[in-house]
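Undergrad:
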Amino acid sequence: MTEYDKNIDSFKNLENDFGTSDDALWAKIEEKTYLKKETKTFTLGWKSYGIAASLIILVGMTLFLRLYTIEVSAHKGQHISHELPDGSLVQLNAASSINYKPYWWNMERAVELSGEAFFEVEKGKSFTVISEEGNTTVLGTSFNIFARESAYQVYCKTGKVEVASNKHDIQYKITAGELAIIDNTAKSGIKKKMDARDYTSWIDNKFSFTDTSLARVFQELELQYNINIDYNKELSDLKYGAYFERPQHADLAMNLICMQFNLNFEETETGQYKVYRK
Amino acid sequence: MNKKEFKDIYDKYGKSIRNYLYYRSGSEELANDLTQDVFVKLWEGNYKYHSEKNKALLYKIAGGLFLDYHRKTKSEADYIAHFKFKLKDSSSPDENAKHYRKKCELALKSLTEKERTVFLMNKMEGLIYKEIAECLEISVKAVEKRMSKALKKLEA
Chain C
1 MTEYDKNIDS FKNLENDFGT SDDALWAKIE EKTYLKKETK TFTLGWKSYG
51 IAASLIILVG MTLFLRLYTI EVSAHKGQHI SHELPDGSLV QLNAASSINY
101 KPYWWNMERA VELSGEAFFE VEKGKSFTVI SEEGNTTVLG TSFNIFARES
151 AYQVYCKTGK VEVASNKHDI QYKITAGELA IIDNTAKSGI KKKMDARDYT
201 SWIDNKFSFT DTSLARVFQE LELQYNINID YNKELSDLKY GAYFERPQHA
251 DLAMNLICMQ FNLNFEETET GQYKVYRK
Chain H
279 MNKKEFKDIY DKYGKSIRNY LYYRSGSEEL ANDLTQDVFV KLWEGNYKYH
329 SEKNKALLYK IAGGLFLDYH RKTKSEADYI AHFKFKLKDS SSPDENAKHY
379 RKKCELALKS LTEKERTVFL MNKMEGLIYK EIAECLEISV KAVEKRMSKA
429 LKKLEA
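Respectively, the protein sequence lines represent chains C and H. Here the first sequence stands for residues 1 to 278, where the numbers follow our numbering. Here the second sequence stands for residues 279 to 434, where the numbers follow our numbering.
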């Protein structure tokens, strides 16, 4: 064997000196391949998705609780009694409706009302009834609100009630047996002692009118019986007073009222009444 | 390719690939890094498991990565580098062996990258020409040619 051959041959006895073993290198490769996918990205992804998802759920839940609204409405010729989440009672007169947020009730006791309703409020945080023309705030009492068209009347049966206009700086504090009337068109209002009967009799299915215009009386009949009454407008200002059990049928009520003024009426078709002088 | 097959490929060819990258680059560090990259590529490429085909593929990936690296760094000068080997049987390091090792390390400087790679695959790893040709996807003739050139240079 020549010197040259020996030289070439001696490569056999050499090996590379990498400083990193095959196993250590494999560990690094593992880290960069399937371990990376299954643990690192997975946990990170799971966490951030989790946080994002719970935030969305939280916001969504809050919005839902805040905005979810229950509407209760009584049609013409219908009375409805509805219990609010805290046990407060609402009696809805005909052609009236309320809106409230049941899941937000503990944060804010607020009811939107259009029409007429009688409230018996459980004691607790302030309780507000919002209508187009005015707001009524109480702590715990019973009262009647009449909020139809531009009229706004609150009758306080027990406790204390605060009534405020939504349009002008008119505000009254009334106690049991007092009535507050707000007239936004005239920018005025009054507060006076009144008999409970006229304002709360509807709850017991009674009609109670004291010196009430015939127009108002007919309007009430229209709502209570879901009928239409056609009459000469010159009759509108006639004053009527009576207190009677609400008859089953509109005919009987019409009869009672028309008799008083010596008027005649006929039902031209179902639900259509025509009133005329004899 | 599942985890077990992937590991199997590494056990079979990991060493050779690292050696191959070292023969070409003359840098242990680069060989270590690129070997990892080669296997990461193999895993991510989602190739079918086939021992023989995977072997050629690995060499191909390794060659490609090495060229990429050089294109990026343009540092051809430093891989003509300093080969440092260790003796396989280092328990009885006699002076003679040390002497030959030095000689070997120095001798490689005169070879081109291609000659060196083929030469070391043959002499150090003990691969026959046919195997080298398969790995590098060149003809056996080309391997012979590179070997004879290398041997001639070393003789001088």
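Built from N, CA and C at the ideal position, the CB exists for glycine as well.
In whole angstroms, give me the CA-to-CA distance for S213/C and S73/C.
TA: Taking the straight line joining both Cα atoms gives about 27 Å.
Undergrad: Consult DSSP for G341/H and reduce its assignment to one of helix, strand or coil.
TA: Correct three-state label for G341/H: helix.
Undergrad: Going by C-alpha to C-alpha distance, which of V154/C, D86/C, E71/C sits closest to S165/C?
TA: Nearest option by C-alpha distance: V154/C.
Undergrad: Measure the beta-carbon distance from K364/H to E30/C and round it to whole angstroms, keeping in mind my assumption that it falls under 8 Å.
TA: Going by Cβ atoms, the distance from K364/H to E30/C rounds to 26 Å, so no, they are not a contact pair.
Undergrad: Return the Cβ separation of Y273/C and F261/C in integer angstroms, given the expectation that the two are a contact with Cβ distance under 8 Å.
TA: Rounded, the Cβ-Cβ distance is 15 Å, inconsistent with contact.
Undergrad: Along chain H, which residues have their Cβ under 9 Å away from the Cβ of D22/C?
TA: Those are Y288, D289, G292, K293, R296, listed as they occur along chain H.
Undergrad: Run through chain C and tell me which residues come within less than 7 Å of T313/H, C-beta to C-beta.
TA: Ordered by position in chain C, the residues that pass the 7 Å Cβ test against T313/H are L25.
Undergrad: My output table needs one value for D280/C: the three-state DSSP class, helix, strand or coil.
TA: It is not possible to answer for residue 280/C, since the shown part of chain C is limited to 1 through 278.
Undergrad: I want to see whether chain H comes within less than 7 Å of S54/C, judged by CB atoms only; does it?
TA: S54/C does not count as touching chain H.
Undergrad: Could you check where the alpha helix (DSSP H) with L320/H kicks off and where it finishes?
TA: That run of the alpha helix (DSSP H) goes 306 to 322.
Undergrad: Leaving out five residues on either side along the sequence, give the residues of the same chain with a beta carbon under 8 Å from the beta carbon of I406/H.
TA: If we look at I406/H and ignore the five residues flanking it on each side, its Cβ neighbours are N400.
Undergrad: For the alpha helix (DSSP H) containing A196/C, name the first residue and the last one.
TA: Premise fails: A196/C is in no alpha helix (DSSP H) and is neither H nor E.
Undergrad: So for S131/C, helix, strand or coil by DSSP?
TA: S131/C falls in the coil class under three-state DSSP.
Undergrad: Compare the C-alpha of L139/C against each of K173/C, Q91/C, T268/C and name the closest.
TA: Answer by Cα proximity: K173/C.
Undergrad: For A215/C, which residues of its own chain have a beta-carbon under 6 Å away from its beta-carbon, when the five flanking residues on both sides are left out?
TA: Correct list, in chain order: S236.
Undergrad: From the beta carbon of K364/H, is the nearest beta carbon of chain C less than 7 Å away?
TA: Yes, contact with chain C.
Undergrad: Given this structure, state the Cα-to-Cα distance separating I181/C from S126/C, to the nearest angstrom.
TA: The alpha-carbon atoms of I181/C and S126/C are separated by roughly 21 Å.
Undergrad: Using a cut-off of 8 Å between C-beta atoms, extract the partners of C382/H located in chain C.
TA: Ordered by position in chain C, the residues that pass the 8 Å Cβ test against C382/H are N7, S10, F11, L14.
Undergrad: In this structure, how does DSSP classify L414/H when only helix, strand and coil are distinguished?
TA: Reduced to three states, the DSSP call for L414/H is helix.
Undergrad: Just to make sure I have the definition right: I need the residues of chain C whose C-beta is within less than 8 Å of the C-beta of A385/H. Which are they?
TA: What A385/H touches in chain C: N7.
Undergrad: Does chain C have any CB closer than 7 Å to the CB of N310/H?
TA: Closer than 7 Å: yes.
Undergrad: Between the alpha carbons of K326/H and K381/H, how many angstroms are there, rounded?
TA: If you take the alpha carbons of K326/H and K381/H, they lie about 44 Å apart.
Undergrad: Using a Cβ-Cβ cutoff of less than 6 Å, which residues in the same chain neighbour K427/H once the five nearest sequence positions on both sides are dropped?
TA: Once the five neighbours on either side are set aside, the close Cβ partners of K427/H are E393.
Undergrad: Can you check DSSP and say which residues form a bridge with A110/C?
TA: In the DSSP output, where bridge partners are listed per residue, A110/C has T128/C.
Undergrad: Assuming G124/C and V163/C make a contact with CB atoms under 8 Å, what is their CB distance in whole Å?
TA: Between V163/C and G124/C the Cβ distance is about 19 Å, and since that is not below 8 Å, they are no contact.
Undergrad: Got a sec? Which residues, its chain only, sit under 8 Å from S48/C by beta carbon, not counting five neighbours each side?
TA: Once the five neighbours on either side are set aside, S48/C has no close Cβ partner at all.
Undergrad: Chain H partners of T69/C, CB-CB under 7 Å?
TA: Result: empty, since nearest Cβ-Cβ is about 54 Å, beyond 7 Å.
Undergrad: Are the segment 17 to 36 of chain C and the segment 315 to 326 of chain H touching, with three or more C-beta to C-beta distances below 8 Å?
TA: Yes, since at least three Cβ pairs between the segment 17 to 36 of chain C and the segment 315 to 326 of chain H fall closer than 8 Å, the two stretches touch.
Undergrad: So, A176/C versus T200/C, is the Cβ gap smaller than 7 Å?
TA: The answer is no: Cβ separation not under 7 Å.
Undergrad: Here's a check: name, in chain order, each residue in its chain whose Cβ is nearer than 7 Å to the Cβ of E344/H, leaving out the five neighbours to either side.
TA: Looking at the sequence itself, residue 344/H is Phe, so the reference to Glu does not match. Excluding positions up to five away in sequence, the list reads L299, R302, S303, L312.
Undergrad: Could you check whether N99/C and E112/C sit closer than 7 Å to each other, using their CB atoms as the reference points?
TA: Against a cut-off of 7 Å, the Cβ pair of N99/C and E112/C comes out as a contact.
Undergrad: With a threshold of 7 Å between beta-carbons, can K40/C be considered close to chain H, or not?
TA: Because K40/C sits at a pLDDT of 49, beneath the cut-off of 50, its placement in the model cannot be relied upon, and the point is left open.
Undergrad: Jot down the residue ranges of each uninterrupted alpha helix (DSSP H) in the segment 222 to 271 of chain C, minimum 4 residues, whole runs only, in chain order.
TA: Taking only runs of at least 4 residues, the alpha helix (DSSP H) segments lying wholly in the segment 222 to 271 of chain C are 250 to 261.
Undergrad: Using a 10 Å radius around the Cβ and a threshold of 16 neighbouring Cβ atoms, would you call D198/C buried or exposed?
TA: Label assigned to D198/C: buried.
Undergrad: Closest by CA to D86/C, which one among Y68/C, E120/C, K206/C?
TA: Closest by alpha carbon: E120/C.
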